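From first to last, the protein sequence lines are chains A and B.
The first sequence maps to residues 10 to 614 in our numbering.
The second sequence maps to residues 80 to 243 in our numbering.
Read through the structure below, which is laid out as structure tokens, and then see the notes.
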Amino acid sequence: MPSLGSALLALAFLTALFAAAVALAGRNGNRRRIDLSRRTVYVFCGLITACVVIIEVAFASNDFSFNIVQQHSSLETPPFYKLAAMWSSQEGSLLLWAWVLSLVSSAALFATRNKLREIVPWATAVMMGVAAFFTGLMLFAPDVDPFATLNPVPSDGIGLNPLLQHPSMMIHPPMLYSGYVSLTVPFAFAIGALITRRLDAEWVRSTRRFALIAWAFLGFGLLLGARWSYTELGWGGYWAWDPVENAALMPWLVVTAFLHSIMVQEKRGMLKVWNAALIVGSFSLALLGTFLVRSGVLQSIHAFGDNTVGPYILGLIAVVLIGSTALIVSRLDDMRSEKRIDSLVSRESVFLVNNLLLVALTAVIFWGTFFPLISELFTGNKASLAAPWFDRYTTPLAILLVLFTGIGPLLAWRRVTWASAKRVFRVPAIVAAVVAVALVLFSDAPGKPWAFALFVFSAFALTGLAQEFWRGAAARRSLTGEAMPAALVAVVSRNRRRYGGYIVHIGIAVILIGIAASSSFQTNRDVTLRPGESTVVDGRTITYMKPTAAVDSEKFTYGAVLRVEEDGKLIATLRPSRRYFRPTGQESGTIGSFFSGEATSRARK
Amino acid sequence: MPQGRRTLSAKRVRRPWGIRRTGELAIIPVFVDPQRKRKIRLVVALGVAVLLAVALVYTSFSASTEAKEPSQLLTAAPGTSYEMTGKVVDGSIRHQGSGIVFRVVDRDGQGRSMPVTYTGTVPDPFRGGREIVLTGSVKSGTFVGEPETLITKCPSKFTTKSDA
Numbered sequence: 010m011p012s013l014g015s016a017l018l019a020l021a022f023l024t025a026l027f028a029a030a031v032a033l034a035g036r037n038g039n040r041r042r043i044d045l046s047r048r049t050v051y052v053f054c055g056l057i058t059a060c061v062v063i064i065e066v067a068f069a070s071n072d073f074s075f076n077i078v079q080q081h082s083s084l085e086t087p088p089f090y091k092l093a094a095m096w097s098s099q100e101g102s103l104l105l106w107a108w109v110l111s112l113v114s115s116a117a118l119f120a121t122r123n124k125l126r127e128i129v130p131w132a133t134a135v136m137m138g139v140a141a142f143f144t145g146l147m148l149f150a151p152d153v154d155p156f157a158t159l160n161p162v163p164s165d166g167i168g169l170n171p172l173l174q175h176p177s178m179m180i181h182p183p184m185l186y187s188g189y190v191s192l193t194v195p196f197a198f199a200i201g202a203l204i205t206r207r208l209d210a211e212w213v214r215s216t217r218r219f220a221l222i223a224w225a226f227l228g229f230g231l232l233l234g235a236r237w238s239y240t241e242l243g244w245g246g247y248w249a250w251d252p253v254e255n256a257a258l259m260p261w262l263v264v265t266a267f268l269h270s271i272m273v274q275e276k277r278g279m280l281k282v283w284n285a286a287l288i289v290g291s292f293s294l295a296l297l298g299t300f301l302v303r304s305g306v307l308q309s310i311h312a313f314g315d316n317t318v319g320p321y322i323l324g325l326i327a328v329v330l331i332g333s334t335a336l337i338v339s340r341l342d343d344m345r346s347e348k349r350i351d352s353l354v355s356r357e358s359v360f361l362v363n364n365l366l367l368v369a370l371t372a373v374i375f376w377g378t379f380f381p382l383i384s385e386l387f388t389g390n391k392a393s394l395a396a397p398w399f400d401r402y403t404t405p406l407a408i409l410l411v412l413f414t415g416i417g418p419l420l421a422w423r424r425v426t427w428a429s430a431k432r433v434f435r436v437p438a439i440v441a442a443v444v445a446v447a448l449v450l451f452s453d454a455p456g457k458p459w460a461f462a463l464f465v466f467s468a469f470a471l472t473g474l475a476q477e478f479w480r481g482a483a484a485r486r487s488l489t490g491e492a493m494p495a496a497l498v499a500v501v502s503r504n505r506r507r508y509g510g511y512i513v514h515i516g517i518a519v520i521l522i523g524i525a526a527s528s529s530f531q532t533n534r535d536v537t538l539r540p541g542e543s544t545v546v547d548g549r550t551i552t553y554m555k556p557t558a559a560v561d562s563e564k565f566t567y568g569a570v571l572r573v574e575e576d577g578k579l580i581a582t583l584r585p586s587r588r589y590f591r592p593t594g595q596e597s598g599t600i601g602s603f604f605s606g607e608a609t610s611r612a613r614k
Numbered sequence: 080m081p082q083g084r085r086t087l088s089a090k091r092v093r094r095p096w097g098i099r100r101t102g103e104l105a106i107i108p109v110f111v112d113p114q115r116k117r118k119i120r121l122v123v124a125l126g127v128a129v130l131l132a133v134a135l136v137y138t139s140f141s142a143s144t145e146a147k148e149p150s151q152l153l154t155a156a157p158g159t160s161y162e163m164t165g166k167v168v169d170g171s172i173r174h175q176g177s178g179i180v181f182r183v184v185d186r187d188g189q190g191r192s193m194p195v196t197y198t199g200t201v202p203d204p205f206r207g208g209r210e211i212v213l214t215g216s217v218k219s220g221t222f223v224g225e226p227e228t229l230i231t232k233c234p235s236k237f238t239t240k241s242d243a
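Structure representation (structure tokens):
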């Protein structure tokens, strides 16, 4: 089987090169060549899928003749995690990259099979170029061949790192990778549009969906990661400004900016250079994220693998950045705005402000993440920046962002009249004022000015968004006479793009309220308790009910049951635990052997 | 359009600031001509960008903590905050009060080791032979870690093989 896999991988590499070459040969509109290149991409997808299936079957059947299986799985690894073990390895995650890329490339080319005739050949060439790069890495770079074999075949494997044995392992890495990889599609079409000088909104309209898919996957992956990190003791809570977390957040922020600014290009024909730069930036940041996850360049809790492919990925980033910049500069004349901003108080201008805020956030995070390298360059010392430094900049930017999240949807395109502004802003402003007064009177929020501002602005934004739903439904009701709920459903399903965006805005406001509340009003205390003893933390009584212990063939788990009470009422029962994993391949039988293995702690409700 | 502008400026006084004759809202007053408006916007935007950049550079160099290995810390100034990177010496971890005491050597395992005290959450992978990052300062020859700053680098595999 390993040799079949190697052969399929080599064939996939040649197929990608062939698809790119045929696409380029068909760049002048030769229909037959373009069709052939598209079908070759489907073949590439089939070949890589077969490689993934071979690896997964090897994991499922404990085939330890595969190096990748021996290193990342064992007889005792639960079946669920055997399937996820592929992407815990470096070669497996490269294969995952190539696989997701083959899927999204096929989907994108299928969706545009009758569109964008001039751009598609170039986009195919770019996507297959990237695909050939990653497939080639697995074939030619040292130590990353997923089909490397072991001889003699070991009887058992090393197993999956227990820290990675969490349900999120199944879905968090593939989600982030899907997000990173899907960015290749809008990037490839942008490059195609630049080369062919077809710089109207057509390419934006056709690939917006893929930018949105990438954005959604990245966001979902980030949230899953935050949740996982929150339950894992010692990972710094849901967000720790860890370099790898930052690496996933940066492309997400830039794509968020892109999704807003392309609306300005679609409606008003402006910001073309900016949009091209944003998509190039987000794709480069996605590659940088892929690089950082598996490099030892920066100190990170995610430093899971030895890095042997780093220099190649850096090379690809350099090619992408230099090539795209040269291309954009050479096409500046074709990207003049068709119109200009009429007024600073207009939707496009708020979109621009939101873009600048998002890019500023990215710049701050980029600087902070790479500061150890910057400081080493200038002072010779690796110095790093901790969470307070990040918070100092990201907090005010996030607060402004939530304010504009509320303002943007309320403003009209082009210009806003005083009368319409009064109409749309009156209710949100009143609600924000009422919330501000209520917070001053009934909470200790005013003591935390940043959190206070965020709560008030969020109230403004959420009311403004609710008002938009209400106004839309009310307008439809007066037209059709439907009942209010039916009118709401109808208006939302007819304008999914618009109301979908508003729902995301509501989500962002809710997330930021949560972040502000949890970071401003938390209490940390170290106490030692014996079973039966209790302590009071911030008005809540925490009682250590009893210790717990459990042993199975794989691990030894001990933990505690904690009762949390407020005013004599039970509000939660917490079950934190620490699990000790027995190292595999060693003599077992004593409890002691568990403690020489690996440990993981969890906090559970 | 000189004629238009005269009418506008004549009526400007009767409206609240920033509101045009047509009832539009504007941030830069309407009597400024479009060419200059664009210039003002550009200058303001660039100014904000430059300010942010300067602030980033300035605060990051003053707020950052230098990373040092134990051999460099033995001669470090007491009281200054450092980020120590190094390897925990096998068998040196002991409990003391509510915290732990252990010794750390340079990442390459060479040189003299340094005693470390730490109180707070101990990450799961923490044990002898592993690489750690800890923020703290030197007090009379001992590195005193700040609570909740101990990071243990994740081993790629959890066999004794990779611990070596």
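Ideal placement from N, C-alpha and C gives every residue a C-beta, glycine not left out.
The structure presented is a predicted model; accordingly, all values stated were derived computationally and were not measured.
DSSP-derived helix/strand/coil call for A:Arg587: On the first sequence, position 578 is the one that residue 587 of chain A refers to. A:Arg587: strand per DSSP, three-state reduction.
Which one of A:Leu412, A:Leu497 and A:Ile551 has the shortest CA to CA distance from A:Glu575? For the purposes of this step, residue 575 of chain A is identified with residue 566 of the first sequence, where counting begins at 1. Closest by alpha carbon: A:Ile551.
Can you find a CB in chain A that lies within less than 8 angstroms of the CB of B:Asp169? Sequence index remark: in the second sequence, residue 169 of chain B carries index 90 (1-based). With 8 angstroms as the cut-off, B:Asp169 does not count as an interface residue toward chain A.
Please list the terminal residues of the continuous beta strand (DSSP E) segment that includes A:Phe565. In the first sequence, residue 565 of chain A corresponds to position 556, counting from 1. Lys564 to Glu575 is the span of the beta strand (DSSP E), which, as asked, contains A:Phe565.
Across which residues does DSSP place A:Arg435 in a beta bridge pair? Numbered from its first residue, the first sequence carries residue 435 of chain A at position 426. Beta-bridge pairing links A:Arg435 to no other residue.
With DSSP as the reference, please indicate the residues paired to B:Tyr161 in a beta bridge. The residue you call residue 161 of chain B lines up with position 82 of the second sequence. Beta-bridge pairing links B:Tyr161 to B:Glu145 and B:Gly215.
If we define contact as Cβ-Cβ less than 8 angstroms, is B:Val223 a contact residue for chain A? Here residue 223 of chain B refers to the residue found at position 144 of the second sequence. Under the Cβ distance rule, B:Val223 does not count among the residues neighbouring chain A, no pair being separated by less than 8 angstroms.
Check the Cβ of A:Gly473 against every Cβ in chain B and list those closer than 8 angstroms, keeping chain order. Position 464 of the first sequence, counted from the start, is the residue given in the question as residue 473 of chain A. None at all; the shortest Cβ gap to chain B is about 16 angstroms.
In whole angstroms, what is the alpha-carbon distance linking A:Ser529 and A:Thr404? Working through the first sequence from its first residue, we reach residue 529 of chain A at position 520. Working through the first sequence from its first residue, we reach residue 404 of chain A at position 395. Cα to Cα, A:Ser529 sits roughly 11 angstroms from A:Thr404.
C-alpha distance - A:Gly234 paired with A:Tyr247, whole-angstrom precision: Translated into positions along the first sequence, residue 234 of chain A becomes position 225. Translated into positions along the first sequence, residue 247 of chain A becomes position 238. When rounded, the distance between both Cα atoms is 8 angstroms.
Can you give me the C-alpha to C-alpha distance between B:Thr228 and B:Thr198, rounded to a whole angstrom? Position 149 of the second sequence, counted from the start, is the residue given in the question as residue 228 of chain B. Position 119 of the second sequence, counted from the start, is the residue given in the question as residue 198 of chain B. Rounded to the nearest angstrom, the two C-alpha atoms are 10 angstroms apart.
So which residues on chain A does B:Ser143 lean against when the C-beta distance must stay under 7 angstroms? Translated into the one-based positions of the second sequence, residue 143 of chain B becomes position 64. Chain A residues near B:Ser143: Phe380, Ser384, Ala392, Ser393 and Leu394.
Helix, strand or coil: how does DSSP classify B:His174 here? For the purposes of this step, residue 174 of chain B is taken as the residue at position 95 of the second sequence. Strand, per DSSP.
Strictly below 7 angstroms CB to CB, what residues from chain A border B:Leu131? The count along the second sequence starts at 1 and reaches residue 131 of chain B at position 52. For B:Leu131, the neighbours in chain A by C-beta distance under 7 angstroms run, in chain order, Ala369.
With B:Gly199 as the anchor, note down where its alpha helix (DSSP H) starts and where it stops. Within the second sequence, residue 199 of chain B is the residue found at index 120, counting from 1. Taken as a continuous stretch (DSSP letters only), B:Gly199 belongs to no alpha helix (DSSP H), as it is neither H nor E.
With which residues is A:Phe89 paired in a DSSP beta bridge? For this step, residue 89 of chain A is matched to residue 80 along the first sequence. Beta-bridge pairing links A:Phe89 to no other residue.
Are there 16 or more other CB atoms within 10 angstroms of the CB of B:Ala105, so buried, or fewer, so exposed? Position 26 of the second sequence, counting from 1, holds the residue named residue 105 of chain B. Its Cβ being crowded by 16 or more others within 10 Å, B:Ala105 is buried.
Any chain B beta carbon closer than 8 angstroms to A:Trp283: As a position in the first sequence, residue 283 of chain A is number 274, starting the count at 1. It does not; no Cβ of chain B falls within 8 angstroms.
CB-CB under 7 angstroms to A:Val444, same chain, minus the five flanking residues each way: which ones, in chain order? Looking up residue 444 of chain A in the first sequence gives position 435. Only Phe464, Val465 and Ala468 meet the Cβ criterion.
Look up B:Glu210 in the DSSP assignment and give the residues it is bridged to. Residue numbering aside, residue 210 of chain B sits at position 131 when the second sequence is read from its first letter. Per DSSP, B:Lys166.
Inter-residue spacing [alpha-carbon to alpha-carbon] between A:Leu77 and A:Ser187: As a working note, residue 77 of chain A is residue 68 in the first sequence. As a working note, residue 187 of chain A is residue 178 in the first sequence. This sequence places Ile at residue 77 of chain A; Leu is not what is there. Answer to the nearest angstrom: the Cα atoms are 22 angstroms apart.
Comparing the C-beta of A:Val373 with each C-beta of chain B, is any distance below 8 angstroms? Counted from its first residue, the first sequence places residue 373 of chain A at position 364. Interface residue, yes.
What residue range does the beta strand (DSSP E) around A:Met554 cover? Numbered from its first residue, the first sequence carries residue 554 of chain A at position 545. That run of the beta strand (DSSP E) goes Arg549 to Val560.
Rounding to the nearest angstrom, what Cα-Cα distance links A:Pro87 and A:Leu169 in this structure? Along the first sequence, read from residue 1 onward, the residue named residue 87 of chain A stands at position 78. Along the first sequence, read from residue 1 onward, the residue named residue 169 of chain A stands at position 160. When rounded, the separation of the alpha-carbon atoms in A:Pro87 and A:Leu169 is 9 angstroms.
Within 8 angstroms, do at least three Cβ pairs link the region 79 to 93 of chain A to the region 24 to 32 of chain A? The region 24 to 32 of chain A vs the region 79 to 93 of chain A: no contact.
Paired residues, beta bridge with A:Phe375 - DSSP: The residue you call residue 375 of chain A lines up with position 366 of the first sequence. Beta-bridge pairing links A:Phe375 to no other residue.
A:Glu563 versus A:Phe461: straight-line alpha-carbon distance, rounded: Within the first sequence, the letter at position 554 stands for residue 563 of chain A. Within the first sequence, the letter at position 452 stands for residue 461 of chain A. So the alpha carbons of these two residues sit roughly 48 angstroms apart.
3 or more residues per run - each beta strand (DSSP E) lying fully within the region 521 to 550 of chain A: 543 to 546
CB contact flag (A:Thr414, A:Val440, <8 angstroms): Residue numbering aside, residue 414 of chain A sits at position 405 when the first sequence is read from its first letter. Residue numbering aside, residue 440 of chain A sits at position 431 when the first sequence is read from its first letter. No.
Within its chain, find whatever has a CB closer than 7 angstroms to the CB of A:Ala454; leave out the 5 residues flanking it on each side and keep chain order. Here residue 454 of chain A corresponds to residue number 445 of the first sequence, with the count starting at 1. The residues are Leu448, Ala460, Phe461 and Phe464.
Could you give the distance in angstroms between the alpha-carbon of A:Ile512 and the alpha-carbon of B:Val195? As a position in the first sequence, residue 512 of chain A is number 503, starting the count at 1. As a position in the second sequence, residue 195 of chain B is number 116, starting the count at 1. Rounded to the nearest angstrom, the two C-alpha atoms are 50 angstroms apart.
What is the rounded straight-line gap between the Cα of B:Arg115 and the Cα of B:Glu162? Numbered from 1 along the second sequence, position 36 holds the residue referred to as residue 115 of chain B. Numbered from 1 along the second sequence, position 83 holds the residue referred to as residue 162 of chain B. Answer to the nearest angstrom: the Cα atoms are 50 angstroms apart.
Shortest alpha-carbon distance to A:Ala59 belongs to which of A:Ala107, A:Asn284 and A:Arg47? Position 50 of the first sequence, counted from the first residue, corresponds to residue 59 of chain A. A:Ala59 has its Cα closest to that of A:Ala107, out of A:Ala107, A:Asn284 and A:Arg47.
Name, in chain order, the residues that DSSP records as bridge partners for A:Ala581. Taking the first residue of the first sequence as 1, we reach residue 581 of chain A at position 572. Answer is A:Val573.
Extent of the continuous alpha helix (DSSP H) to which B:Phe222 belongs: Counting from 1 along the second sequence, the entry for residue 222 of chain B is found at position 143. In the DSSP assignment, B:Phe222 falls outside any alpha helix (DSSP H) and within the unbroken beta strand (DSSP E) covering Thr221 to Gly224.
B:Thr196 versus chain A: which residues are under 8 angstroms apart at the beta carbon? Position 117 of the second sequence, counting from 1, holds the residue named residue 196 of chain B. Near B:Thr196 there are no residues of chain A at all, since even the closest Cβ is about 14 angstroms away, more than 8 angstroms.
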